[in-house]
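Heads up: the structure comes next, in structure tokens.
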Amino acid sequence: RAYEDVMPLLDLVSPSARASLNTDSKDSKKRKRSQSSPADRTDHTLYDPYFCAGRTKTLLNSLGFPSVQHEKRDFYADIRSGSVPTFDTLITNPPYSENHKERCIEYAVQSLRKEGKPFLLLMPNYVALKEYWRELTQTADGKEANDVVYVLPASPYEYDHPEGTGHDIPPFASLWFCGVGKNVVEECKKAYGGQSGGNGPRIACSVKELQAIGCLKSGNRKNAKKRRKMKKLMAQAASGADGVGIDGGRSPVPVSDKDSKRPKKEKKKKTTSNDDGHTNQNPNLSTNESNDAGKKKKKKSKHRDASGVRAKKRF
Numbered sequence: 200r201a202y203e204d205v206m207p208l209l210d211l212v213s214p215s216a217r218a219s220l221n222t223d224s225k226d227s228k229k230r231k232r233s234q235s236s237p238a239d240r241t242d243h244t245l246y247d248p249y250f251c252a253g254r255t256k257t258l259l260n261s262l263g264f265p266s267v268q269h270e271k272r273d274f275y276a277d278i279r280s281g282s283v284p285t286f287d288t289l290i291t292n293p294p295y296s297e298n299h300k301e302r303c304i305e306y307a308v309q310s311l312r313k314e315g316k317p318f319l320l321l322m323p324n325y326v327a328l329k330e331y332w333r334e335l336t337q338t339a340d341g342k343e344a345n346d347v348v349y350v351l352p353a354s355p356y357e358y359d360h361p362e363g364t365g366h367d368i369p370p371f372a373s374l375w376f377c378g379v380g381k382n383v384v385e386e387c388k389k390a391y392g393g394q395s396g397g398n399g400p401r402i403a404c405s406v407k408e409l410q411a412i413g414c415l416k417s418g419n420r421k422n423a424k425k426r427r428k429m430k431k432l433m434a435q436a437a438s439g440a441d442g443v444g445i446d447g448g449r450s451p452v453p454v455s456d457k458d459s460k461r462p463k464k465e466k467k468k469k470t471t472s473n474d475d476g477h478t479n480q481n482p483n484l485s486t487n488e489s490n491d492a493g494k495k496k497k498k499k500s501k502h503r504d505a506s507g508v509r510a511k512k513r514f
């Protein structure tokens with residue numbers, strides 16, 4: 200289903216469609232006629248550099264793309280040696296661990312802006328708020344990218360894990376990060392019907408639009424330890440393990456971060472000693488008074504007289 204959500208966009212960035220968009224304005228009637236006709240997917244070579252179980256090629260073939268570059272190769276070694284397979288559009292779901300996302304984004308943006316090759320990357324929504332995404336995609340004058348759109352699914356994607364590990368439904372929302380070129384952005388909006396999108400996928404053209412739709416949460420993402428703790432508390436509330444629920448007669452109360460923290464231990468009151476040796480715990484004493492009271496008398500030196508002058512030289 201994830202590939203089906205970006206089919207309109209893939210047709211818009213196909214070689215034949217891009218050629219028609221780049222024609223002179225005098226051929227507007229011809230361009231309009233070519234856009235209304237079905238896209239030719241046979242001349243569109245797609246490239247997925249991350250080989251997992253090899254299903255990508257099968258799925259894209261079933262959607263009408265006979266030319267798909269998807270082999271078990273070292274993507275980064277191919278970049279270093281300049282032996283990346285020939286392709287028209289990069290479409291992939293990069294690994295989320297380590298720095299694979301950053302390296303993939305860097306290559307994709309360079310391919311778009313230097314060679315005119317579009318990219319479609321399926322990644323977690325929080326990537327849009329990351330500093331590396333902003334730095335790698337911003338324009339030369341430091342502004343937000345104007346050649347990128349975001350495609351949001353109508354419902355969360357489910358993932359298949361070949362090794363049988365991981366979650367079928369991830370703890371974050373995924374969306375498509377698509378570099379299409381400035382001249383295609385408006386056509387993408389028309390293809391998806393703007394932000395509304397009906398019952399299907401929706402489109403956004405900036406981080407602000409993603410936040411307005413409700414796709415991105417404001418504030419920093421909690422660390423893994425806090426997320427696990429909150430998940431455990433929510434599970435306990437749902438199952439009534441902690442006595443909260445329908446049977447307990449009380450409604451589940453969400454636990455905030457402040458409430459979930461352990462209470463701090465009370466600090467012991469500092470005691471001060473007076474000249475007579477008694478301790479003083481009077482909280483009304485000022486700081487200076489307590490400091491003076493806590494000072495110990497200096498021990499008299501046997502080498503000095505009463506006025507403090509040394510009576511005998513040390514050497």
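So for the sequence shown, this note's numbering puts the first residue at 200; every next one is plus one.
The beta-carbon is built from N, C-alpha and C at its ideal position, and this holds for glycine as well.
By the criterion of at least three beta-carbon pairs nearer than 8 Å, the stretch 254-268 is not in contact with the stretch 315-326. Per the coordinates, the alpha-carbon of residue 303 lies some 36 Å from the alpha-carbon of residue 434. Residue pairing by DSSP places residue 268 opposite 246 in a beta bridge.
With respect to residue 340, residue 378 sits apart: the two C-beta atoms are not nearer than 8 Å. Fewer than three Cβ pairs drawn from the stretch 273-282 and the stretch 307-316 lie within less than 8 Å of each other, which leaves the two stretches out of contact. Here residue 288 really is in contact with residue 245; their C-beta atoms are around 5 Å apart, less than 8 Å. In the DSSP assignment, residue 207 falls within the unbroken alpha helix (DSSP H) covering 206-211.
Annotation: residue 286 is outside any beta strand (DSSP E) and is labelled neither H nor E by DSSP. Put simply, of 326, 425 and 400 the residue whose alpha carbon is nearest the alpha carbon of residue 406 is 326.
Separation of residue 385 and residue 372 (C-alpha to C-alpha, rounded to the nearest whole angstrom) is 25 Å.
With a threshold of 16 other beta carbon atoms within 10 Å, residue 213 meets it and is buried. Counting along the chain, residue 401 sits inside the beta strand (DSSP E) bounded by residues 401-403. At least 8 Å separates the beta-carbon of residue 210 from that of residue 218. In terms of CA proximity to residue 350, 403 leads the group 403, 243, 356 and 508. Take residue 267, set aside five residues on each side of it, and the residues of its chain with a beta-carbon closer than 8 Å to its own are 244, 245, 246, 247, 255, 256, 259 and 260, in chain order. Counting the other Cβ atoms within 10 Å of the Cβ of residue 401 gives 16 or more, which makes it buried.
Leaving aside the five residues that flank residue 207 on each side, the residues in its chain whose CB is nearer than 7 Å to its CB run, in chain order, 390 and 391. Counting of Cβ neighbours within 10 angstroms places residue 338 among the exposed residues, the total staying below 16. In this chain, the beta strand (DSSP E) harbouring residue 349 covers 347-351. In this structure, the straight-line span from the alpha carbon of residue 354 to that of residue 427 is close to 24 Å. Of the candidates 296, 380 and 344, the residue whose Cα lies closest to the Cα of residue 314 is 380.
Residue pairing by DSSP puts residue 376 in a beta bridge opposite 320 and 349.
Contact annotation, residue 375 with residue 205: C-beta distance approximately 6 Å; criterion of less than 8 Å satisfied.
Ranked by Cα distance from residue 301, the options 415, 286 and 322 are led by 322. The beta carbon of residue 286 sits closer than 8 Å to the beta carbons of 244, 245, 246, 268 and 316 from its chain, once the five residues preceding and following it are set aside; these are given in chain order.
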